[in-house]
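Colleague: Submitted below is the structure of interest, expressed as structure tokens.
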Amino acid sequence: MALRQFDDRLDDVTRTLHRMAHDIEELVRRAMALVGQPAVDAEPIRAADDAIDRAEVEVEESTVEILALHHPVASDLRVLVTVLKINNDLERIGDHAVNIAEAAARLAKAEKKVPVPPELDEMSRMARAMLRDALDAFVHRNADDARSVIARDDRLDQLQDSLSRVMVTHMPDYNLSACLQVILIGRNLERIGDLATNIGEDVVYMVQGITIRHQEGPPDPA
Amino acid sequence: MSSNTVLETVGLSVRYGETRVIDDVSLRIPENRVVAFIGPSGCGKSTLLRCFNRLNDFVPAARITGQVLFRGRDLYGAEVDPADVRRSIGMVFQKPNPFPKSIFENIAFGLRINGFQDDIGDRVEASLRAASLWDEVSHRLDADALGLSAGQQQRLCIARALAVEPEVLLMDEPASALDPIATGRIEDLIGDLRGDYTIVVVTHNMQQAARISDDTAFLYMGELLEYKETQRLFTNPEDERTEAYITGRLG
Chain C
1 MALRQFDDRL
11 DDVTRTLHRM
21 AHDIEELVRR
31 AMALVGQPAV
41 DAEPIRAADD
51 AIDRAEVEVE
61 ESTVEILALH
71 HPVASDLRVL
81 VTVLKINNDL
91 ERIGDHAVNI
101 AEAAARLAKA
111 EKKVPVPPEL
121 DEMSRMARAM
131 LRDALDAFVH
141 RNADDARSVI
151 ARDDRLDQLQ
161 DSLSRVMVTH
171 MPDYNLSACL
181 QVILIGRNLE
191 RIGDLATNIG
201 EDVVYMVQGI
211 TIRHQEGPPD
221 PA
Chain L
1 MSSNTVLETV
11 GLSVRYGETR
21 VIDDVSLRIP
31 ENRVVAFIGP
41 SGCGKSTLLR
51 CFNRLNDFVP
61 AARITGQVLF
71 RGRDLYGAEV
81 DPADVRRSIG
91 MVFQKPNPFP
101 KSIFENIAFG
111 LRINGFQDDI
121 GDRVEASLRA
131 ASLWDEVSHR
141 LDADALGLSA
151 GQQQRLCIAR
161 ALAVEPEVLL
171 MDEPASALDP
181 IATGRIEDLI
191 GDLRGDYTIV
201 VVTHNMQQAA
211 RISDDTAFLY
221 MGELLEYKET
231 QRLFTNPEDE
241 RTEAYITGRL
251 G
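Here it is in structure tokens:
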């Protein structure tokens, strides 16, 4: 294997993925900033997501090419498999950002306004931090940091439950559709947390070669 | 020892003069598995392979300590005839080495000197079929074996080894002198023989080890550093030196 060439290409693809993650986190932040605004245009979010979709294809093509040309094994192989999976997860997070922007647009058009509950803000901060930390764990190949991302997912799920309960309670007093939009936004943030959790699980596999998906709790690495 | 262990080394060390080339290696090779030995040049993988059919007997400076067991029996015991060992444990070398005789005689010769007298023609055909060569040579069994392509010559050598009904086939870089198509045929053949024979392959080609073997042993400077299922060794090696070697980062 031409090692320097392999390492350079792996670095390139890793950098692209990290940049993509940064752009997506920013996209989620921008989409969330639309929530509760009186007039919302979701189009810029859609356009930014299109760019992310193109980056996803680029990362996938580069990774497949590296696999075909260099036949990596062991940790090199695990890194590239992880790149493919994270790439897929990031693209889906971009889609959730678009969903959030579109829900914010429908919310803006609702006749009777609903107060945006504080859970939504906290969920947004948490989901974005999980995404950022999962990608940092990937870049630094740190399984402990990846596990800490996974551990935070339960809290996000609790916030989503609490948000749904609050909104259902409000439904008789406010516009039903508006309440549903808020629940939907929460649901998208919760899914972003799930995808960040997937990334964390993939990073544990990449670093330690063990699969912790579909288990109750992360097992002891020993 | 588990009942299905065919070959086993116990604390095996080999010295060539003052140089220790195998250092206290203990491993078991189970029945009907394909086991690959990998490692950098000079790591001792070929020497270890040669211990299994006493080929190191021909190296005057080689001194062996520890044990090599075949079906639980010491291969180096005083009562053991090396010729018997080599009949049960056949060897295929890196460079095809057919005899300068006809295709038929290449196989029949070995059969006769090993005491087979009946059904020589049938045995030749069965061996050529087992080595996936029959269809290519059945119409010209009297032709000179040296006129075959390198890949065909290597399959002829495998047929020759199979003819005397060994339990184990040792292969020392069996495809390294062959082009990719001939290599693919040898690898397919190893796949076909799997289940009927225990096969130990030394290879420099790690992709080949990954493709053809059930288990892989990594040797480094005479030591056995890691030995496990091939799939696990190539996806998640435990020893840092194994990882470094298979990813091309050793040294």
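Just so you know, the protein sequences line up as chains C and L, in that order. So the first sequence is numbered by my numbering: it starts at 1 and just counts up by one. So the second sequence is numbered by my numbering: it starts at 1 and just counts up by one. C-beta: ideal position from N, C-alpha, C; glycine also.
Any Cβ of chain L within less than 7 angstroms of the Cβ of Ala222/C?
Modeller: Note that Ala222/C scores 43 on pLDDT, short of 50, meaning its location in the model is unreliable and no value can be drawn from it.
Colleague: Any residues in the segment 49-71 of chain C with a beta carbon nearer than 8 angstroms to a beta carbon of chain L? Which ones, in chain order?
Modeller: So the list reads His71, given in the order they occur along the chain.
Colleague: Gly184/L CB to nearest chain C CB: under 7 angstroms?
Modeller: Output row for Gly184/L: interface = no.
Colleague: As a quick exercise: from Leu163/C, Asp12/C and Leu27/C, pick the residue whose alpha carbon is nearest that of Arg256/C.
Modeller: Here chain C has residues from 1 to 222 only, and residue 256/C is not among them.
Colleague: Output yes if chain C places a C-beta closer than 7 angstroms to the C-beta of Gln207/L; else output no.
Modeller: Closer than 7 angstroms: yes.
Colleague: Are the segment 34-49 of chain L and the segment 197-208 of chain L in contact at 8 angstroms, needing three or more beta carbon pairs?
Modeller: They touch, by the three-pair rule.
Colleague: Could you give the DSSP three-state label for Gly147/L: helix, strand or coil?
Modeller: Of the three classes helix, strand and coil, the one that applies to Gly147/L here is helix, per DSSP.
Colleague: Per DSSP, Arg102/L is paired with what?
Modeller: First, the amino acid is wrong: residue 102/L is Ser here, not Arg. Ser102/L pairs with Asp144/L.
Colleague: Where does Tyr205/C sit, in a helix, a strand or coil, going by DSSP?
Modeller: Tyr205/C: helix per DSSP, three-state reduction.
Colleague: If you follow the beta strand (DSSP E) that Arg28/L is part of, which residue opens it and which one closes it?
Modeller: Thr19 to Pro30 is the span of the beta strand (DSSP E), which, as asked, contains Arg28/L.
Colleague: Report yes or no: is there a C-beta of chain C within less than 7 angstroms of the C-beta of Ile38/L?
Modeller: So, not an interface residue.
Colleague: Please say whether Asn53/L and Val85/L have beta carbons closer to each other than 7 angstroms?
Modeller: Yes, they are a contact pair.
Colleague: Mind reading off the beta-carbon distance from Val79/C to Leu10/C? Whole number of angstroms is fine, and I expect it under 8 angstroms.
Modeller: Correct: roughly 7 angstroms between the Cβ atoms.
Colleague: In chain order, what are the residue ranges of uninterrupted alpha helix (DSSP H) at least 4 long that sit wholly in the segment 39-86 of chain C?
Modeller: You should have 43-70.
Colleague: For a contact meaning CB atoms closer than 7 angstroms, what does Glu243/L contact in chain C?
Modeller: Correct list: Ala74 and Ser75.
Colleague: Return yes when the Cβ of Glu201/C is within less than 7 angstroms of the Cβ of Ile183/C, no when it is not.
Modeller: Result no, Cβ atoms of Ile183/C and Glu201/C do not sit closer than 7 angstroms.
Colleague: Just to confirm my understanding: we take Glu136/L, look at its own chain, exclude 5 residues before and 5 after, and list those with CB closer than 7 angstroms. What are they?
Modeller: Here the set comprises Gln152.
Colleague: Does chain L have any CB closer than 7 angstroms to the CB of Gly209/C?
Modeller: Chain L contact via Cβ: present.
Colleague: Looking at the secondary structure, which residues open and close the alpha helix (DSSP H) in which Thr211/C lies?
Modeller: Segment: none, Thr211/C is in no alpha helix (DSSP H) and carries neither H nor E.
Colleague: Can you give me the C-alpha to C-alpha distance between Arg106/C and Ala178/C, rounded to a whole angstrom?
Modeller: Going from the Cα of Arg106/C to the Cα of Ala178/C covers about 8 angstroms.
Colleague: Against chain C, which members of the segment 96-122 of chain L pass a CB distance test of less than 8 angstroms?
Modeller: Taking 8 angstroms as the Cβ-Cβ cut-off against chain C, none of the residues of the segment 96-122 of chain L qualify.
Colleague: On the premise that Asp142/L lies in contact with Ser46/L, defined as a C-beta separation below 8 angstroms, what is that separation, rounded to the nearest angstrom?
Modeller: Ser46/L to Asp142/L, Cβ: 35 angstroms. No contact.
Colleague: Identify the continuous beta strand (DSSP E) that holds Ile112/C and give its terminal residues.
Modeller: The sequence shown places Lys at residue 112/C, not Ile. Here Lys112/C belongs to no beta strand (DSSP E), and DSSP marks it neither H nor E.
Colleague: Would you tell me roughly how many angstroms separate the C-alpha atoms of Ser26/L and Thr65/L, rounded to the nearest one?
Modeller: Cα to Cα, the separation comes out at about 12 angstroms.
Colleague: Given Ser2/L, which residues of its chain have a CB within under 8 angstroms of its CB, disregarding the five upstream and five downstream residues?
Modeller: Note on Ser2/L: pLDDT 47, under 50, position unreliable in the model; the coordinate value appears next. If we look at Ser2/L and ignore the five residues flanking it on each side, its Cβ neighbours are Arg28 and Pro30.
Colleague: Distance, Cα to Cα, Ala150/L vs Thr82/C?
Modeller: So the alpha carbons of these two residues sit roughly 42 angstroms apart.
Colleague: Can you check which of these residues, Leu77/C, Glu58/C, Glu102/C and Gln5/C, is closest to Ala39/C by C-alpha distance?
Modeller: Taking only the C-alpha atoms, the option nearest Ala39/C is Glu102/C.
Colleague: Drop a sphere of 10 angstroms on the beta-carbon of Thr169/C, count the other beta-carbons inside from all chains shown, and report buried for 16 or more, exposed for fewer.
Modeller: Thr169/C comes out exposed.
Colleague: Going by beta carbon distance, what residues of the same chain come within less than 6 angstroms of Glu223/L, once the five residues before and after it are set aside?
Modeller: Excluding positions up to five away in sequence, the list reads Asp23.
Colleague: Tell me which same chain residues have a C-beta within less than 6 angstroms of the C-beta of Glu119/C, skipping the five on either side of it?
Modeller: Only Leu159, Ser162 and Leu163 meet the Cβ criterion.
Colleague: Which residues in the same chain have their Cβ closer than 8 angstroms to the Cβ of Asp194/C, if we skip the five residues on either side of it in sequence?
Modeller: Within the same chain, Asp194/C has close Cβ partners Asp153.
Colleague: In the DSSP output, what is Lys228/L paired with across the bridge?
Modeller: DSSP lists Thr216/L as partners of Lys228/L.
Colleague: How many Å lie between Asp76/C and Met221/L at the Cα?
Modeller: Their Cα atoms are separated by approximately 24 angstroms.
Colleague: Residues of chain C with CB under 9 angstroms from Phe234/L, in chain order?
Modeller: Going along chain C in sequence order, the residues near Phe234/L (Cβ under 9 angstroms) are Val73, Ala74 and Leu77.
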